[in-house]
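Asks: Next up is a structure, given as structure tokens.
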Amino acid sequence: MVSPSVAIARVYEDPNRLARDYRVVVDRLWPRGMTKDAVDYDQWAKDIGPSTKLRKWYGHDVGRFEEFSRQYIVELDTPAQRSLIDGLIRSAGSGRLILLTATRDIEHSAAKVLKSVIEGNWLARNPVTESDCKIQGKHL
Numbered sequence: 008m009v010s011p012s013v014a015i016a017r018v019y020e021d022p023n024r025l026a027r028d029y030r031v032v033v034d035r036l037w038p039r040g041m042t043k044d045a046v047d048y049d050q051w052a053k054d055i056g057p058s059t060k061l062r063k064w065y066g067h068d069v070g071r072f073e074e075f076s077r078q079y080i081v082e083l084d085t086p087a088q089r090s091l092i093d094g095l096i097r098s099a100g101s102g103r104l105i106l107l108t109a110t111r112d113i114e115h116s117a118a119k120v121l122k123s124v125i126e127g128n129w130l131a132r133n134p135v136t137e138s139d140c141k142i143q144g145k146h147l
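This is the structure we're talking about:
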């Protein structure tokens, strides 16, 4: 399956939407202060976001981003998550896939990790091992 062009945008910003864009909110929690009618989106894929446990562990601590990324990729490497990713790619078709997030720091966000997985077919090139499934010696 060919990956679409993928971009990340904040839900709070003017989207500059193109007709062929497929816009997906990828945060597990709905953005604070926004009604669903106020957001220009096609799908809310909350189940594609990192688990609550991982999200809370990370806490947007940039020093934990590398480990957060590894653990999130482990979470994405399941048949159910791969199916969700494939569904997003199919829905985008020949248009752009826009990953919408509420985070201020896009460079250190789950959306950034998800974008790299979609664009680079990361899971196919980097199989997950048992040692990847631990944070500080504990399984999540």
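Here the sequence shown stands for residues 8 to 147, numbered as in this note's numbering. No residue lacks a Cβ here, since even glycine has one placed at the ideal position from N, Cα and C. Remember, predicted model here, so these are calculated numbers, not experimental data.
(1) Determine the closest residue to Ala-117 out of Glu-73, Arg-30, Asp-44, with distance taken between C-alpha atoms.
(2) Is the beta carbon of Leu-107 sitting closer than 8 Å to the one on Ile-125?
(3) Determine which residues share a DSSP beta bridge with Tyr-29 and list them.
(4) Taking C-beta to C-beta, are Ala-109 and Pro-38 nearer than 8 Å?
(5) Once the 5 residues before and after Ile-55 are set aside, which same chain residues still bring their CB inside 6 Å of it?
(6) Quick check on the burial criterion: 16 or more other C-beta atoms within 10 angstroms. Buried or exposed for Gly-144?
(7) Buried or exposed: which applies to Val-120, given that a residue is buried once 16 or more other Cβ atoms fall within 10 Å of its Cβ?
(8) Rounded to whole angstroms, what's the CA-CA distance from Arg-35 to Tyr-48? Just pull it up for me.
(9) Just grab the DSSP bridge partners of Trp-51 for me.
(10) Using alpha carbons as the reference points, say which of Ile-80, Ala-52, Val-13, Tyr-19 lies closest to Ala-45.
(11) Quick check: the Cα distance between Tyr-79 and Lys-122, rounded to an integer number of angstroms?
(12) What is the rounded straight-line gap between the Cα of Glu-82 and the Cα of Ser-58?
Replies: Let's see:
(1) Taking the sequence shown and counting its residues from 1, the one referred to as residue 117 is at position 110. Comparing Cα positions, the closest option is Glu-73.
(2) The count along the sequence shown starts at 1 and reaches residue 107 at position 100. The count along the sequence shown starts at 1 and reaches residue 125 at position 118. No, these two residues do not count as a Cβ contact at 8 Å.
(3) The residue you call residue 29 lines up with position 22 of the sequence shown. According to DSSP, which records beta bridges pairwise, Tyr-29 is partnered with Leu-104.
(4) Start at 1 with the first residue of the sequence shown, and residue 109 comes out as number 102. Start at 1 with the first residue of the sequence shown, and residue 38 comes out as number 31. The answer is yes: Cβ separation under 8 Å.
(5) Walking along the sequence shown from the start, residue 55 turns up at place 48. Answer for Ile-55: Val-33, Leu-91, listed in chain order.
(6) Position 137 of the sequence shown, counted from the start, is the residue given in the question as residue 144. Confidence at Gly-144 is low in this model, with a pLDDT of 44, below 50, so its placement is unreliable and no value can be given for it.
(7) To locate residue 120, count along the sequence shown from 1; it is residue 113. The residue is buried, with at least 16 neighbouring Cβ atoms inside 10 Å.
(8) Working through the sequence shown from its first residue, we reach residue 35 at position 28. Working through the sequence shown from its first residue, we reach residue 48 at position 41. Their backbone Cα atoms lie some 15 Å apart in a straight line.
(9) For the purposes of this step, residue 51 is taken as the residue at position 44 of the sequence shown. According to DSSP, which records beta bridges pairwise, Trp-51 is partnered with Val-32.
(10) In the sequence shown, counting from the first residue as 1, residue 45 sits at position 38. Of the candidates Ile-80, Ala-52, Val-13, Tyr-19, the one whose C-alpha sits nearest the C-alpha of Ala-45 is Tyr-19.
(11) Numbered from its first residue, the sequence shown carries residue 79 at position 72. Numbered from its first residue, the sequence shown carries residue 122 at position 115. One C-alpha to the other measures close to 12 Å.
(12) Numbered from its first residue, the sequence shown carries residue 82 at position 75. Numbered from its first residue, the sequence shown carries residue 58 at position 51. Taking the straight line joining both Cα atoms gives about 8 Å.
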